[in-house]
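Residue numbers (the UniProt record's numbering): 1 to 556. The beta carbon of each residue, even a glycine, is placed where N, CA and C say it ideally should be. Notes for the one structure printed next.
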Amino acid sequence: MEARRSKGYQSLDMSGDNFEAQPERHSSRIMKPCVLLLTCLVSVLLVFLVGTHRTPSLELLRPVGTVAGIGRKNSSSEAPNDRLLGGLLSPEFDEKSCLSRYQSMLYRKASPHAPSPYLIRRLREYEALHKKCAPNTHLYNKSIEQLKSGRSNGPMECNYVVWIPHNGLGNRVLTIVSSFLYALLNNKVLLVHIPSDFTDILCEPFPGTSWVLPSDFPLHNFLDFDTGTPQSYGNMLHNKVIDDEMLSGSSNATLPAYVYLHLPWYYNQWDKLFFCGDAQRMLRRIPWLLLKSDHYFVPSLFLLQEYEEELRQLFLERATAFHHLVRYLVHPTNAVWDYVTNYYRAHLAAADETLGIQIRVFHNFPVPFESMLRQVINCSLSEGILPGVNLQEWAAPASKTDTKAKAVLVASLFSGFAERIRDMYAKHPTTTGEVVSVHQPSHEKQQHTEQRGHNIKALAEVELLSFSDALITTAWSTFGYVAQGLGGLQPWILLRHTQSDLPCRQAMSSEPCFLMPPPFPSSHCSKDHGDAGEAATARQYVRQCEDELGGIKVFD
């Protein structure tokens, strides 16, 4: 397949064709000794060329991604070999310390979405701020002393958002991205708590520093913070610990040393007041914010007039916010990347086209196996993503070397879906003559977020899905959201049976859905608790999701 050959392989083909034509054109003019000499040279080169087709060169035997062009989809306007993703990534990293950072672009379809110059500038400014305020710096230690004092008179030189992990890998990635954007909008520094099940899975995203919250952080019980925590914004507002003077921004108000932001799916009406205008203005003055969520809450930030102009400049295409930020922040460590690239080389690299299918059956919305399988197959066939099969014939071994090969990567906790799809294409020929192979890296039956090995496999499969040319995902799945964002893909979403008779519907963008937002429009922000300050044009680009009627999503 031409797009996946190395440059060395292509140049050998070209030089061979040119050389073989040359002696034939000039043989009548050359004296006999020269003919003999050229014949010998041609023979040597023919042996060399034949040998290169029989035995792969050392260049081709290297891991995929170490040779320019391997694995690349050249169907986009993005410049080839743009390892910095249009300036999104900083060049100030040791490449060997995190191979995936600069190699992932070799495997994914090149993105047609360029980051804005303003986003690039703000990321470089943030990196400088993070380095200045990172753990164990003088300014960090100064902010820690203020935290220990139990009160605050306003923002410090360095102010922080501390990310608290909650639920599975997909939820974690979505909330890391959301928390980072929130920190960026408020000139705060993001620090993340890394539990034992999440260690050495993600590379450090900021050059010359760390985003990991130190183990000696003085709030020892912050992992237990939840809906009943007195220091949550909702409870402090409800109990009038946060009063009108604080909300008004009075310089005389004594502020709490920190505030816990409780934003998981089970947050209450008081917690949801976080998404109101005056809450944002007050929280900007709090030096320490501890944030727990399991959803992509960025769409509600787009609704706030407070951030409208900044977000407009950051994302000229609004529906690329997650695509840019997840590619900036999320890079698997070398151990995870080795797992990814080894699997890719063994099962997917030879295919002309790859389809990713991500299937998630939720315990609270069970779907019978046969119903889900039928929905996946109907979606694949009706949308032309996979070829149909001729049930009247039995499959024969592929004989043509130019037969188009499609690889299907199935990500599911269960093996049955991949096995049935594999059997369908193994037993019957396709109507198009294509050869379809089906692969599944793992099938663990149950989600085990508390196990590091499970999380490594989960991230590896998200990465592999993001390499797809086309993607099918399950409604509500945060796992699928991350894959589509990394790949910049508009997936076909397997809809819930209660939502539509159609098997699937293609998403308008790669943006995730905020599945459990506060009321929209922001009617929950009454005059008593602060005007929502909703952006005048917000409803034009924040609308209902394709996969959840009560969810909201950013559109262009």
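Using the Cβ count rule (16 or more neighbours within 10 Å means buried), how would you classify residue i?
i    : result
I30  : In this predicted model, I30 has a pLDDT of only 39, less than 50, meaning its place in the structure is not dependable; the value taken from the coordinates is given anyway. Flag for I30 reads exposed.
G249 : exposed
E511 : buried
Y266 : exposed
K427 : exposed
H331 : buried
S149 : exposed
H363 : exposed
R121 : exposed
F369 : exposed
W270 : buried
W394 : exposed
R151 : exposed
Q280 : buried
F365 : exposed
G488 : buried
K240 : exposed
A350 : exposed
T175 : buried
If I measure Cβ to Cβ from residue i and keep anything under 6 angstroms in the same chain, skipping five residues before and after, which residues do I get?
i    : result
F467 : Y107, R108
I552 : P299, F514, P517, F520, V542
A319 : S509, E511, V554, F555, D556
G388 : L381, T431
M236 : I242
Smallest Cα separation from residue i: which of the options?
i    : options                : result
Q305 : P441, T320, C276       : C276
Y260 : G234, N268, L273       : G234
D423 : T431, V438, L413, G433 : V438
G87  : L316, F93, D501, S116  : S116
Q506 : P491, V326, L219       : P491
C504 : S380, P366, H193, Q313 : S380
L413 : K404, F315, L471, F479 : F479
M282 : L85, P205, Y258, K292  : Y258
A407 : A110, T137, V436       : V436
M156 : S90, A418, T137, W288  : W288
H113 : E317, S104, L373       : E317
H220 : L147, S179, G384, N390 : L147
E310 : L119, P256, H238, Q103 : L119
S500 : Q375, V212, D224       : Q375
D338 : K457, Q540, A110, P256 : K457
N136 : R420, V410, W211       : W211
Beta-carbon within less than 8 angstroms of residue i's beta-carbon, same chain only, minus the 5 sequence neighbours each way: which residues are those?
i    : result
S477 : G170, Q358, R360
K132 : L139, C158
E245 : N252, A253
Ignore the nearest five residues each way along the sequence and tell me which others in residue i's own chain have a CB closer than 7 angstroms to its CB.
i    : result
D547 : A475, W476, I493, L495, C513
P195 : P165
L502 : L495
Y182 : V161, L301
V340 : P332, A460, E463, L464
L373 : F417, R420
Residue i to residue j, Cα distance in whole Å?
i           : j    : result
L185        : V161 : 11 angstroms
C203        : Q392 : 51 angstroms
R62         : N342 : With a pLDDT of only 33 at R62, under 50, the local geometry of the prediction cannot be trusted, and no value is derived from it.
L191        : L290 : 10 angstroms
R345        : A134 : 38 angstroms
R285        : N334 : 39 angstroms
V189        : F222 : 18 angstroms
N455        : G356 : 19 angstroms
F297        : A538 : 15 angstroms
F206        : L123 : 9 angstroms
I201        : V177 : 16 angstroms
T473        : S232 : 35 angstroms
residue 591 : L129 : No statement about residue 591 is possible, as the shown extent of the chain runs from 1 to 556 and does not include it.
G168        : D352 : 32 angstroms
F417        : L471 : 16 angstroms
W163        : S293 : 9 angstroms
F198        : V336 : 12 angstroms
N268        : H262 : 9 angstroms
F217        : D226 : 18 angstroms
V326        : Q484 : 10 angstroms
P91         : T354 : 30 angstroms
E145        : Y126 : 23 angstroms
R172        : S371 : 30 angstroms
L213        : L247 : 29 angstroms
Who are residue i's beta bridge partners in DSSP?
i    : result
T354 : A407
V162 : L191, L290
K553 : R543
S509 : BP columns for S509 are empty, so no partner.
P151 : Checking the sequence shown, residue 151 turns out to be Arg, not Pro. R151 pairs with P256.
Using a C-beta cutoff of 8 angstroms, does residue i count as contacting chain B?
i    : result
Q280 : As a matter of chain content, chain B is missing from the structure shown, which is built from one protein chain.
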